[in-house]
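What follows is a set of notes on a single structure, which appears directly below.
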Amino acid sequence: MSAQGPLNDARELLAEIEAAYRRDRATAKGQLRARYAGRHARFALVAEEVREDDEGRAFLVMVPPGPRADGVVLVFFGSGGENPARGFPLGAQATIEGRVTRVVRGGIFLEDCAIVGDPEDRGGGAPTLAR
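The number in the working numbering is simply the position in the sequence shown, starting from 1, with 4 added.
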């Protein structure tokens, strides 16, 4: 995965995280954080579940479309206005943009996220049901 520009393939990043942890768990966390924390990401994802954190903030547990990936993407929306996670239809697919805050074995944390459209149009449309 390229170290420059926005991240755009969640499946590839999840596989890289898993491989790094399998190689050397002791150094994987620090190396992955240094490489990816703060990076902008734009992922096509499918909603699996809505959860709440300890502060009662709803977030989405999402996965890349297609065969099961090596983990999940936890999608946290910005604090302003209505939280789209609460009404997001499970099984729906959308393009999500956000900032990577953590990468851990089995997961990517995205903060300050926005739904920017469905993956087919790359525009500002609504989510679509995954095929």
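The beta carbon of each residue, even a glycine, is placed where N, CA and C say it ideally should be. All figures in this text were calculated on a predicted structure; none of them were measured in a lab.
{"Query": "Can you round the beta-carbon distance between residue 78 and residue 92 to whole angstroms, since I take them to be within the 8 angstroms contact cut?", "Result": "With 8 angstroms as the limit, residue 78 and residue 92 do not qualify as a contact, their Cβ atoms being about 13 angstroms apart."}
{"Query": "How about the stretch 92-112 and the stretch 33-40: do they share at least three Cβ pairs that are nearer than 8 angstroms?", "Result": "yes"}
{"Query": "At the level of alpha carbons, what is the spacing between residue 51 and residue 30?", "Result": "31 angstroms"}
{"Query": "Would you mind stating whether residue 55 and residue 65 have Cβ atoms separated by less than 9 angstroms?", "Result": "yes"}
{"Query": "Please name the residue, chosen from 35, 19, 46, that lies closest to residue 115 on a Cα-to-Cα basis.", "Result": "46"}
{"Query": "Residues in the same chain with beta-carbon distance under 6 angstroms from residue 18, minus the five sequence neighbours each way, listed in chain order, please.", "Result": "73, 74, 75"}
{"Query": "Looking at the structure shown, is residue 102 part of a helix, part of a strand, or coil, going by DSSP?", "Result": "strand"}
{"Query": "Chain B beta carbons: is any one of them nearer than 9 angstroms to that of residue 107?", "Result": "Although the question refers to chain B, the structure presented lacks it and comprises just one protein chain."}
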